[in-house]
Amino acid sequence: MRRILLGLGALLTMMDATAPEAQETVRTGDFTFGGVTRAYRLVVPATLPVPGERSLVVLLHGCTQDAADLARGTRIDAHAAALGVAVLMPEQASTAHPQRCWNWYDPAHAGRDAGEAALIAELARVVADSLA
Numbered sequence: 410m411r412r413i414l415l416g417l418g419a420l421l422t423m424m425d426a427t428a429p430e431a432q433e434t435v436r437t438g439d440f441t442f443g444g445v446t447r448a449y450r451l452v453v454p455a456t457l458p459v460p461g462e463r464s465l466v467v468l469l470h471g472c473t474q475d476a477a478d479l480a481r482g483t484r485i486d487a488h489a490a491a492l493g494v495a496v497l498m499p500e501q502a503s504t505a506h507p508q509r510c511w512n513w514y515d516p517a518h519a520g521r522d523a524g525e526a527a528l529i530a531e532l533a534r535v536v537a538d539s540l541a
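Just so we're aligned: the sequence shown equals residues 410 to 541 in the numbering used here.
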């Protein structure tokens, strides 16, 4: 069974502030869904648990940030490697919001099957399937 954890809070509660550096692979790419394309950053630890026990954490950056900035500020790469979890960081485009904020407050993007929420959910599904 695959697990997809949404949000930083769940992961941070498991982290030690001095997590050791470990090996991981960082992949970047673009994902298109519903005619909308967003860049993403994916951290995959060198060692993942067996299929069925793998976890994917989805982190969303704040306004004026991008995925690389979020990764630097949280040291998520090292934590992901130490915990054996993959971490997906979609990026908001400046064309979608001038300050790169996610449009969570806009009803067009707040529904389960619409807008940015749907794009992020589908990206998470595709990535989780690729890790299975």
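No residue lacks a Cβ here, since even glycine has one placed at the ideal position from N, Cα and C.
TODO: Could you tell me which residues DSSP puts in a beta bridge with GLU525?
DONE: Residue numbering aside, residue 525 sits at position 116 when the sequence shown is read from its first letter. Paired residues: none, contrary to the question.
TODO: For GLY444, name the three-state secondary structure that DSSP assigns.
DONE: Numbered from 1 along the sequence shown, position 35 holds the residue referred to as residue 444. GLY444: coil per DSSP, three-state reduction.
Open item on the list: Which complete beta strand (DSSP E) runs does the stretch 481-539 hold, if anything under 3 residues is left out?
Closed with: 495-499
Open item on the list: By the DSSP assignment, the beta strand (DSSP E) with LEU465 in it spans what residues?
Closed with: Position 56 of the sequence shown, counted from the start, is the residue given in the question as residue 465. Looking at the DSSP string, the run of the beta strand (DSSP E) that includes LEU465 is 464-467.
Task: Under 8 Å between C-beta atoms of THR437 and ARG450 - done: Counting from 1 along the sequence shown, the entry for residue 437 is found at position 28. Counting from 1 along the sequence shown, the entry for residue 450 is found at position 41. Yes, the Cβ-Cβ distance between THR437 and ARG450 is below 8 Å.
Task: Nearest to ALA530 (by Cα), restricted to the options LEU465, VAL453, THR456, PRO516 - done: As a working note, residue 530 is residue 121 in the sequence shown. Closest by alpha carbon: LEU465.
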